[in-house]
Amino acid sequence: MKTSADIRQLFLDYFAGKGHEVVESSPLVPANDPTLLFTNAGMVQFKDVFLGNESRKIPRATSTQRCVRAGGKHNDLENVGYTARHHTFFEMLGNFSFGDYFKREAIQYAWEFLTVSLALPPEKLWVTVFEEDEEAADIWLNEVGISADRFSRIGAKDNFWSMGDTGPCGPCSEIFYDHGEEVAGGPPGSPEEDGDRYIEIWNLVFMQFDRSADGTLTPLPKPSVDTGMGLERLAAVLQGKHNNYDIDLFQNLITAIVQLAGIDDTTHTSARVIADHIRSCAFMITDGVQPSNEGRGYVLRRIIRRAIRHGHKLGLKQAFFHKLVAPLVNEMGDAFPELVKAQPLVERALALEEERFADTLDNGLKILDQAIDAMADKEIPGETVFLLYDTYGFPIDLTADIARERNLTIDIAGFERHMEAQRNRARNASQFAGGLSENLIIDGETVFCGYDHTRQEATIMALLVD
Ligand code: ATP
Ligand code: MG
Ligand code: MG
Ligand code: MG
1 MKTSADIRQL FLDYFAGKGH EVVESSPLVP ANDPTLLFTN AGMVQFKDVF LGNESRKIPR
61 ATSTQRCVRA GGKHNDLENV GYTARHHTFF EMLGNFSFGD YFKREAIQYA WEFLTVSLAL
121 PPEKLWVTVF EEDEEAADIW LNEVGISADR FSRIGAKDNF WSMGDTGPCG PCSEIFYDHG
181 EEVAGGPPGS PEEDGDRYIE IWNLVFMQFD RSADGTLTPL PKPSVDTGMG LERLAAVLQG
241 KHNNYDIDLF QNLITAIVQL AGIDDTTHTS ARVIADHIRS CAFMITDGVQ PSNEGRGYVL
301 RRIIRRAIRH GHKLGLKQAF FHKLVAPLVN EMGDAFPELV KAQPLVERAL ALEEERFADT
361 LDNGLKILDQ AIDAMADKEI PGETVFLLYD TYGFPIDLTA DIARERNLTI DIAGFERHME
421 AQRNRARNAS QFAGGLSENL IIDGETVFCG YDHTRQEATI MALLVD
């Protein structure tokens with residue numbers, strides 16, 4: 001069996017053999033982009049190269065990039081525990097051409113790597129192109145010679161990529177793996193596509209145009225290539241698993257979790273969610289994020305609290321999350337030495353956050369249960385959501401997550417009304433006191449942290465509602 005470590009190495013070696021410079025993963029906090037919450041793709045560290053603001057000696061690169069998709073444009077937090085293929089933290093294998101090769105080589109390399117180096121059967125693969133990209137369609141159908149039965153043309157929503165509202169953009173071509181008819185779901189572009197039968201493994205982005213503010217597309221003088229393939233999804237394919245959480249990378253983590261919980265169900269959703277969350281949380285802290293009430297730190301805090309709540313569901317009432325750092329380091333320390341160095345720091349930060357949330361979680365859950373018992377309909381009142389948020393430290397998405405598990409919804413508008421009232425009280429209080437503080441202290445804990453925090457919650461809700 002090919003391990004994830006083998007696959008990672010095979011990928012980098014393949015592209016090194018094609019003249020690509022092997023580049024280290026950059027940190028999760030992007031160095032060159034304050035607008036981006038976390039590094040969410042392999043191309044992020046090369047953004048300035050693609051924009052032409054920076055040049056590299058070698059115009060080809062390959063990497064395995066640690067990524068987080070738990071906020072902003074790409075938010076997969078709500079998918080974790082619900083699909084077989086999404087993580088908040090994953091590794092993206094990528095090859096990049098900076099004005100060097102273009103569609104033909106990118107497609108040929110991808111196909112050769114999958115079907116020759118990894119010996120995947122072509123009849124298990126499905127390819128899509130952007131509906132207007134005749135050039136890519138021609139290469140796939142007539143040069144590579146894939147079957148027209150496993151090929152589709154897709155619209156801009158999934159198959160046209162852009163860096164922002166203006167700047168580099170272009171069509172994509174994606175490769176999917178067919179996990180077989182026992183899994184529900186149809187091929188890409190079909191009405192049943194939402195299932196998990198055909199899982200997207202590789203996205204090839206052809207940066208072909210420069211979009212101006214008025215929307216005009218001008219061909220780039222030196223078109224480029226950016227590709228991304230999820231290591232965990234590829235490992236699932238090669239290890240004969242349908243669910244990413246069944247691959248080798250997750251087994252030690254999940255075993256550690258079920259052992260701590262004293263259960264033996266290694267497919268328990270909560271165990272999978274916790275295994276996902278320890279990876280994102282540990283790497284965020286490694287890369288300099290600390291739990292806090294705003295920005296990146298608040299994303300981290302929200303994920304930690306969700307993990308602790310899932311532990312609670314498994315009967316883990318004592319601090320446990322920080323104990324998973326050691327098995328994670330065993331699993332990933334070789335590929336990411338920075339994690340080994342940061343281990344004590346990560347453990348401390350997680351233990352502290354667990355301590356902080358332990359008491360309020362238990363009490364908050366009791367309050368929530370009482371409120372649910374008293375409900376006449378299927379919506380948790382805004383007042384309860386607010387009380388949990390304000391006094392018990394339940395980020396609003398945590399309450400929403402619990403609600404979703406029980407087929408309930410939360411009253412967001414009601415929550416916001418309470419939030420607004422709170423804001424007015426805080427404003428008045430600080431006027432009377434003549435102070436500048438926007439924080440309220442309840443039970444010795446700072447629970448309301450001013451307008452940024454509020455805005456943050458509003459953004460989170462916008463994402464949840466999406
Ligand atoms: P999906 O449609 O499955 O959500 P995507 O189109 O959002 O994937 P891309 O942005 O094209 O993904 O990213 C490139 C590759 O990274 C994907 O083809 C997939 O293999 C991997 N990938 C994307 N998101 C995740 C995730 N949340 N967890 C694991 N792998 C991911
Ligand atoms: Mg996605
Ligand atoms: Mg997709
Ligand atoms: Mg994609």
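Residue numbers (full-length UniProt numbering): 1 to 466. Glycine included, C-beta positions come from ideal geometry on N, C-alpha and C.
What is the DSSP secondary structure of I20, counted as helix, strand or coil? As a working note, residue 20 is residue 20 in the sequence shown. It should be noted that the sequence gives His, not Ile, for residue 20. Coil, per DSSP.
What do you get for G332, buried or exposed, if any count of 16 or more other CB atoms within 10 angstroms of its CB means buried? Counting from one through the sequence shown, the residue named residue 332 turns up at place 332. The sequence given here has Met at residue 332, not Gly. Flag for M332 reads buried.
Where are the alpha helix (DSSP H) runs, 4 residues long or more, that stay fully inside the region 322–376, in chain order? Complete alpha helix (DSSP H) runs here, min 4: 325–332, 337–373.
In terms of residues, what are the limits of the beta strand (DSSP E) holding F209? Locating residue 209 in the sequence shown gives position 209, counting from the first residue. First-last of the beta strand (DSSP E) with F209: 198–211.
Quick check on DSSP: helix, strand or coil for L114? Here residue 114 refers to the residue found at position 114 of the sequence shown. If DSSP states are grouped into helix, strand and coil, L114 belongs with the helices.
Would you kindly report the start and end of the unbroken alpha helix (DSSP H) that includes L316? Position 316 of the sequence shown holds residue 316. Counting along the chain, L316 falls outside any alpha helix (DSSP H), and DSSP gives it neither H nor E.
Which runs of the beta strand (DSSP E) fall wholly inside the region 146–183 and span at least 3 residues, in chain order? Taken in chain order, the unbroken stretches of beta strand (DSSP E) that lie wholly in the region 146–183 and span 3 residues or more are 151–154, 160–162, 167–178.
Alpha carbon of D133 to alpha carbon of F321, nearest angstrom: Working through the sequence shown from its first residue, we reach residue 133 at position 133. Working through the sequence shown from its first residue, we reach residue 321 at position 321. A direct Cα-to-Cα measurement between D133 and F321 gives close to 48 Å.
To the nearest angstrom, how far is it from the Cα of E135 to the Cα of L316? Within the sequence shown, residue 135 is the residue found at index 135, counting from 1. Within the sequence shown, residue 316 is the residue found at index 316, counting from 1. Just so you know, the alpha carbons of E135 and L316 end up roughly 55 Å apart.
Quick check on the burial criterion: 16 or more other C-beta atoms within 10 angstroms. Buried or exposed for Y392? Mapped onto the sequence shown, residue 392 falls at position 392. So Y392 ends up on the buried side.
Counting C-beta neighbours from all protein chains within 10 Å, is the total for V44 16 or more, i.e. buried, or is it exposed? For this step, residue 44 is matched to residue 44 along the sequence shown. V44 comes out buried.
Heavy atoms of ligand 3 versus C-beta positions, residues under 6 Å: Put simply, the residues with a CB less than 6 Å from any heavy atom of ligand 3 are D158, E200, in chain order.
Specify, as a first and last residue, the run of the beta strand (DSSP E) that V385 falls within. The residue you call residue 385 lines up with position 385 of the sequence shown. Segment 382–392 is the alpha helix (DSSP H) holding V385; no beta strand (DSSP E) there.
Restricting to Cα atoms, I'd like to know which of Y389, H87, P344, N243 is closest to I412. Translated into the one-based positions of the sequence shown, residue 412 becomes position 412. A check of alpha carbon separations from I412 across Y389, H87, P344, N243 identifies Y389 as the nearest.
Measure the C-alpha to C-alpha separation of L118 and L231 and round it to an integer number of angstroms. Translated into the one-based positions of the sequence shown, residue 118 becomes position 118. Translated into the one-based positions of the sequence shown, residue 231 becomes position 231. Those two C-alpha atoms are separated by around 13 Å.
Is the Cβ-Cβ distance between G94 and S63 less than 7 Å? The count along the sequence shown starts at 1 and reaches residue 94 at position 94. The count along the sequence shown starts at 1 and reaches residue 63 at position 63. Going by C-beta atoms, G94 is nearer than 7 Å to S63.
Using only the alpha-carbon positions, how far apart do G19 and I380 sit? To locate residue 19, count along the sequence shown from 1; it is residue 19. To locate residue 380, count along the sequence shown from 1; it is residue 380. Their Cα atoms are separated by approximately 57 Å.
Nearest candidate by alpha-carbon position, reference P59, set N53, P34, I257, Y101: To locate residue 59, count along the sequence shown from 1; it is residue 59. Checked all of N53, P34, I257, Y101; the closest Cα to P59 is Y101.
What first and last residue would you give for the beta strand (DSSP E) that runs through F96? In the sequence shown, counting from the first residue as 1, residue 96 sits at position 96. If you look at F96, you'll find it in the beta strand (DSSP E) that goes 89–97.
Endpoints, the alpha helix (DSSP H) within which D248 is located: On the sequence shown, residue 248 is found 248 positions in, with the first residue counted as 1. For D248, the enclosing alpha helix (DSSP H) starts and ends at 248–261.
In angstroms with no decimal places, state the Cα-to-Cα distance between L398 and V225. Along the sequence shown, one-based indexing puts residue 398 at 398. Along the sequence shown, one-based indexing puts residue 225 at 225. Using only the alpha carbons, I get a separation of about 38 Å.
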